[in-house]
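Numbering (the working numbering), first residue to last: 206 to 622.
Working notes for the structure below.
Have a look at this one:
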């Protein structure tokens, strides 16, 4: 085995091999409405069996840790004196999802380990290739790996209808031994994850690689609007306290407030529950949700205050009462500047165009960022479509992403102590 040379032509992985694996994987969990490999389902188990075979074909020796993650380790030349570089992603899907969200990064990570072995390159650091379980259901496997899986989380019911506790057992984990998988700060040299963008920015900009600056923070709010339910035929228009009308005005106001300021912040008024939700009654109550995201915590704070102010103002003018309650708060996870430089330099060495950008979606990388330097590599999603049967990334972009990951791993290995 040889050490990676510091001055050399960029390395190339076998992109055709990764694309072939993705095509074969597409059959697992495929239905007329989308890919259904939700965590702990029969299709998820079939997908994990397929992935374990890929590990073995790559010359790796995969194991299932106590959290149900699939892990394989390649020892480095340091003989245990350095912490591992960790690469990976997930393979579970949302309901009616697509085939590239997760599997690209997972199969790409396996290919990187295989390419290093085939090209007889030995890193200084150990390399760990991890497929995290149940990313789509709340980054369960990666949370467990950093010691942030709360006991109460184990009794939550996954989309497949089983509890997290039972699901972990079903995939070969052991919740009684979760403490054995926990990593502390300093125990991971860095974490790199390849992923589809799940948006249209790269495609629209004509760029081949996204260098992720961080994963946006998240604020979910539940807004309850109380009006007065009344007869739709006998209540004059100027005497109504219409909760749905107030909700509509609030949704428009949120959209206008977000658009009024420069930046990359986004907000969505999503689920609405209307009561009594009948044709001939003025709506008496609406419960809606707001999803607010940005990379800057100050921006999140500012818009949360603004939305609460808008609620008060609209309530006063519509004769309704607004109550705003937090549902979920997630801090932004910033990528490591030095690792971003590594990814950017790797793309440049390969002759690929790149741009820096935030991730608007959550990933396992956001959990690993709490204990180790983190970076992500994005490749374009055709049409910006994700979580859909139409989700697609071109074969050449798949290959580019794996090449960047391979070269970034080697460069990070050379730079980190």
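Each residue gets a CB set at the ideal place from its N, CA and C atoms; glycine is no exception.
- Exposure of residue 390 is indicated by the presence of fewer than 16 other C-beta atoms within 10 angstroms of its C-beta.
- Cβ-Cβ distances below 6 angstroms link residue 407 to 415 and 585 in the same chain, with the five nearest sequence neighbours on each side left out; the list follows chain order.
- Residue nearest to residue 610 within the set 324, 286 and 399 is 399 (criterion: CA-CA distance).
- The DSSP-derived three-state label of residue 538 is strand.
- The alpha-carbon of residue 569 is positioned some 7 angstroms away from that of residue 340.
- Closest option to residue 280, judged by alpha-carbon separation, among 213, 334 and 581: 334.
- Contact between the stretch 491-510 and the stretch 424-431 is present: three or more C-beta pairs spanning the two stretches fall below 8 angstroms.
- If you ignore the 5 residues before and after residue 249, its C-beta comes within less than 6 angstroms of the C-beta of 242 and 297, all in its own chain and listed in chain order.
- For residue 519, the enclosing alpha helix (DSSP H) begins and ends at 502-523.
- According to the DSSP assignment, residue 490 belongs to the beta strand (DSSP E) that extends over 490-499.
- By the criterion of a C-beta distance shorter than 8 angstroms, residue 283 is surrounded in its chain by 329, 330 and 331, once the five residues flanking it on both sides are discounted.
- In the three-state reduction of the DSSP assignment, residue 300 falls in the coil class.
- If you look at residue 563, you'll find it in the beta strand (DSSP E) that goes 559-564.
- DSSP places residue 400 inside the beta strand (DSSP E), whose first and last residues are 395-401.
- Residue 383 is a Cβ neighbour of residue 349, given a cutoff of 8 angstroms.
- Between residue 315 and residue 232 a beta carbon distance of about 19 angstroms is seen, past the 8 angstroms cut, so the two are scored as non-contacting.
- Residue 605 carries a helical assignment under DSSP once its states are collapsed to helix, strand and coil.
- Cα atoms of residue 326 and residue 612: separation of roughly 12 angstroms, rounded to the nearest angstrom.
- In the DSSP secondary-structure assignment, residue 430 is bridged to 491 and 527.
- For residue 478, the pairing in a beta bridge is given by DSSP as 492.
- Minimum Cα-Cα distance from residue 561 among the listed residues 484, 523, 596 and 469 corresponds to 469.
- A residue is called buried once 16 or more other Cβ atoms fall within 10 Å of its Cβ, and residue 294 is buried on that count.
- Annotation: the continuous alpha helix (DSSP H) that includes residue 374 extends over 369-375.
- Between residue 597 and residue 607, the CB-CB gap reaches or exceeds 8 angstroms.
- Contact holds between the stretch 524-543 and the stretch 429-445, because three or more Cβ pairs, one in each stretch, are under 8 angstroms apart.
- The beta carbon of residue 268 sits closer than 8 angstroms to those of 275, 276 and 277, all from its chain and outside the five residues before and after it, given in chain order.
- Secondary-structure assignment with DSSP links residue 581 through a beta bridge to 398.
- Closest option to residue 580, judged by alpha-carbon separation, among 260, 540, 253 and 305: 540.
- Within 10 angstroms of the beta-carbon of residue 225 lie fewer than 16 other beta-carbons, which makes it exposed.
- Taking all protein chains in view, the Cβ of residue 442 is surrounded by fewer than 16 other Cβ atoms within 10 Å, so the residue is classified as exposed.
- DSSP links residue 277 through a beta bridge to 334.
- Pairing residue 386 with residue 244 gives a Cβ-Cβ distance that is not under 8 angstroms.
- Per DSSP, the continuous beta strand (DSSP E) segment holding residue 418 begins and ends at 414-420.
- Residues of the same chain with a CB within less than 7 angstroms of the CB of residue 354, apart from the 5 flanking positions on each side, are 345, 348 and 383 in chain order.
- Judged by their CB atoms, residue 455 and residue 554 are not nearer to each other than the 8 angstroms cut-off.
- A Cβ-Cβ distance of about 29 angstroms is found for the pair residue 290 and residue 410, leaving them out of contact under the 8 angstroms criterion.
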